[in-house]
Amino acid sequence: MSSKEGFQWTAATGLKSGLPCEGVKLPSKKLPASGRYDVIVIGAGFAGIIASRDLALRGHKVLLLEARDRIGGRAWTSTIDGFPYEIGAAWFHWNQPHMLSQVSRYGLQGELNFSFDLSGGVDKSNLHIEDMPQGEVDTEVSVDEQDSMYEKLGALYFNVDGEMGRKVMPYPALPFHNPEVLEYDNLTAFDRVEQIREDLTDLEANALKSYLLLLSGGTAENTGFLDLLHWWMLCNNQSGTFGSQADAYKLKHGTTTLVRRFLDDGLRSGNLEVLLSHPISSITDEKGQVSVSSNGDTYSAARVISTIPLNVLSTVDFSPPLSPAKKEALAHGHVGLHTKVHFDAMGTDLRTWSGYSYPGHGLLYAYGDETTSRGSTHVVAFGASTNVLEGENNVEKIQKALHHLRPDVNIERILFHDWVKDPYSRGSWCMFSKGFASQYLSTLQEPHGNVWFASADWADGWRGFIDGAIEQGAHVAQEVADSFSQT
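Numbering (our numbering), first residue to last: 31 to 517.
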């Protein structure tokens, strides 16, 4: 089965829409007609499915509504010729507690792949920096030299308190535990670069800027520093673990495999019904009943959990209206507007290659991820804010963006999904702008009458990660279950 989402290109087939996905075909199982449900969960990403599973296993009758034609939300796997391409979220680490608990629950601890091959191949990293006093500069360094440079940059950039951030943010799962951290929410990511600029060469300063935009998906003007500091502290405030905990380990058979396990658990309870291709238009909370409108139909429950992403939630009509503060937060949204593109490159030389560019030609970073079942190198590439995927038929533009980083790449296959144009995401992983976290994070987490909100976009811990989605889904499911016991 294939989703309508995503695109694939090969020289033989040209560009075609739709990608295979195990999350499209679901068991046709409906609950007995009863007038209404206990809980309606909106969104079948990780947060929504965790919440649905947990409530169904507690005996609550749950309806799960998903706008897309598949489950997974911003995390889904497309397996082609036996190789799993993670179209959205992919990586996790055993220091991410909520994700680890689920991986352990389903016995998948041994199903991990390491994304980096540290032997053979070109063993090189290309740095293409255009914004230099002498003009464009192309530098090629070894992987060890690249790692050493970014270890130095990380230590300089995040050492705001002489203790690598430990003083101002001692408990990263409670980022505002120390109120002193609030002053850093008044900085943009590039404000902080200027604070340490005299300690950096021109090359280092621009390489750092490239890396920061890669992390945020935003621009120099709108990327907040505090979210980056939060991420650093979650990664044990060390450059070495900053990368390994964020983009090194994946599930061997893909994220869709795990989210299907969650869903199957819920379905086996007999208390869960799932409807795909059901986008939400309105939510009305009146006289102890919440009504949800979708595709011209109305579904009712005592409680609703919305897992709609931050950049999309403003498209839903609420009655009664959301609070002014929550409306403000939704109007601002987050700045994560990443591009993610998969390339199959001929041969295995690029297995130990990476490339950075700044300001870049649509892609800021690419690296060799794994070897495909066909013996090619799987290269994953990312861009930020400037969408190289605009004009989806412009395959040549996408190819040029990678060739800008590595001219000799022989591209055999391209896969991508435009998360920025996607009406059900309007962006990639969540990163906040300057001042957003301290002003709006707690507001986003607040329920609205009988409507609760759960999303990785406002997690306390690994915000923007699968772990954050699980944190939110499990936490809100518990709150909703408790609310039933209190009535």
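Ideal Cβ positions, reconstructed from N, Cα and C, are used throughout, including at glycine.
Please name the residue, chosen from the options, that lies closest to residue i on a Cα-to-Cα basis.
{"i": "Gly326", "options": "Ser311, Ile72, Ala42", "result": "Ser311"}
{"i": "Phe292", "options": "Asp147, Val320, Leu94", "result": "Leu94"}
{"i": "Gln469", "options": "Asp215, Leu87, Thr287", "result": "Asp215"}
{"i": "Thr249", "options": "Glu501, Phe272, Lys464", "result": "Lys464"}
{"i": "Leu394", "options": "Leu343, Leu243, His478", "result": "Leu243"}
{"i": "Gln38", "options": "Gly398, His372, Lys451, Phe462", "result": "His372"}
{"i": "Pro351", "options": "Gln139, Thr314, Lys427", "result": "Thr314"}
{"i": "Val289", "options": "Gly75, Cys51, Glu400", "result": "Gly75"}
{"i": "Asp111", "options": "His408, Ala105, Asp512, Leu471", "result": "His408"}
{"i": "Leu305", "options": "Phe206, Thr328, Gly36, Leu49", "result": "Thr328"}
{"i": "Thr378", "options": "Pro202, Asp153, Leu212, Glu501", "result": "Asp153"}
{"i": "Ser344", "options": "Leu360, Pro354, Ala355, Ser353", "result": "Leu360"}
{"i": "Gly184", "options": "Ser324, Leu471, Cys265", "result": "Cys265"}
{"i": "Pro354", "options": "Gly300, Ile159, Glu476", "result": "Glu476"}
Going by DSSP, name the residue or residues bridged to residue i.
{"i": "Leu230", "result": "According to DSSP, which records beta bridges pairwise, Leu230 is partnered with nothing at all."}
{"i": "Ser172", "result": "Lys154"}
{"i": "Lys386", "result": "What sits at residue 386 in the sequence shown is Tyr, not Lys. DSSP lists Leu157, Tyr395 as partners of Tyr386."}
{"i": "Glu509", "result": "Its beta-bridge partners do not exist; DSSP assigns none."}
{"i": "Phe220", "result": "DSSP lists no partner for Phe220."}
{"i": "His408", "result": "Asp374, Glu400"}
{"i": "Pro114", "result": "Thr109"}
{"i": "Thr328", "result": "Ser323"}
{"i": "Ser312", "result": "Ser323, Asp347"}
{"i": "Ile70", "result": "Leu93, Val334"}
{"i": "Lys46", "result": "Gln38"}
What does a CB cutoff of less than 7 angstroms around residue i pick up in its chain, not counting 5 residues either side in sequence?
{"i": "Glu193", "result": "none"}
{"i": "Gly270", "result": "Glu181"}
{"i": "Asn252", "result": "Val365, Ser463"}
{"i": "Cys460", "result": "Leu340, His364, Gly366, Ala486, Asp487, Arg493, Gly494"}
{"i": "Val425", "result": "Trp39, Leu45, Ile444"}
{"i": "Phe23", "result": "Not covered by the structure: residue 23. The range shown for the chain is 31 to 517."}
In or out: residue i buried (at least 16 other Cβ within 10 Å) or exposed?
{"i": "Tyr381", "result": "Position check: residue 381 holds Arg in this sequence, whereas Tyr was assumed. By the neighbour-count rule (16 or more Cβ atoms within 10 Å), Arg381 is buried."}
{"i": "Leu148", "result": "exposed"}
{"i": "Arg98", "result": "buried"}
{"i": "Ser131", "result": "exposed"}
{"i": "Gln516", "result": "exposed"}
{"i": "Gln275", "result": "buried"}
{"i": "Thr43", "result": "exposed"}
{"i": "Gln176", "result": "buried"}
{"i": "Arg222", "result": "buried"}
{"i": "Glu400", "result": "buried"}
{"i": "Trp383", "result": "buried"}
{"i": "Ser415", "result": "buried"}
{"i": "Glu501", "result": "buried"}
{"i": "Ala499", "result": "buried"}
Looking at residue j and residue i, is the spacing between their C-beta atoms short of 8 angstroms?
{"i": "Asn143", "j": "Lys282", "result": "yes"}
{"i": "Ser155", "j": "Ser387", "result": "no"}
{"i": "Asn417", "j": "Thr473", "result": "no"}
{"i": "Val54", "j": "Ser32", "result": "yes"}
{"i": "Asp232", "j": "Met162", "result": "yes"}
{"i": "Asn208", "j": "Val320", "result": "no"}
{"i": "Ser145", "j": "Lys34", "result": "no"}
{"i": "Leu419", "j": "Ala396", "result": "no"}
{"i": "Leu258", "j": "Ala86", "result": "no"}
{"i": "Gly385", "j": "Arg436", "result": "yes"}
{"i": "Gly296", "j": "Thr107", "result": "no"}
{"i": "Thr169", "j": "Leu186", "result": "no"}
{"i": "Gly254", "j": "Gly366", "result": "no"}
{"i": "Arg333", "j": "Trp482", "result": "yes"}
{"i": "Val322", "j": "Ser455", "result": "no"}
{"i": "Gly151", "j": "Gly405", "result": "no"}
{"i": "Phe348", "j": "His478", "result": "yes"}
{"i": "Met179", "j": "Ala235", "result": "no"}
{"i": "Gly118", "j": "Ala105", "result": "yes"}
{"i": "Ala331", "j": "Val506", "result": "no"}
{"i": "Thr402", "j": "Glu52", "result": "no"}
{"i": "Val92", "j": "Tyr115", "result": "no"}
{"i": "Trp121", "j": "Asp374", "result": "no"}
{"i": "Leu56", "j": "Gly36", "result": "no"}
For residue i, I'd like the list of residues in its chain whose CB is within less than 6 angstroms of its CB, leaving aside the five on either flank, ordered along the chain.
{"i": "Asp497", "result": "Gln126, His128, Met129"}
{"i": "Ala63", "result": "Low confidence applies here, because Ala63 scores a pLDDT of 48, under 50, leaving its location unreliable and the question unanswered by this model."}
{"i": "Phe220", "result": "Ala250"}
{"i": "Gly413", "result": "Thr369, Gly392, Leu393, Leu394"}
{"i": "Trp449", "result": "Ser455, Ser458"}
Excluding the five sequence neighbours on either side, which residues of its own chain have a C-beta within less than 8 angstroms of the C-beta of residue i, listed in chain order?
{"i": "Gly78", "result": "Val71, Ile72, Leu94, Glu96, Gly103, Ile335, Thr337, Ala484, Gly503"}
{"i": "Gln429", "result": "Ile441, Ile444"}
{"i": "Gly195", "result": "Phe188, Asn189, Leu259, Trp262, Met263, Asn267"}
For chain D, is any of its Cβ atoms less than 8 angstroms away from the one on residue i?
{"i": "Asn156", "result": "Of the protein chains in the structure, only one exists, and it is not chain D."}
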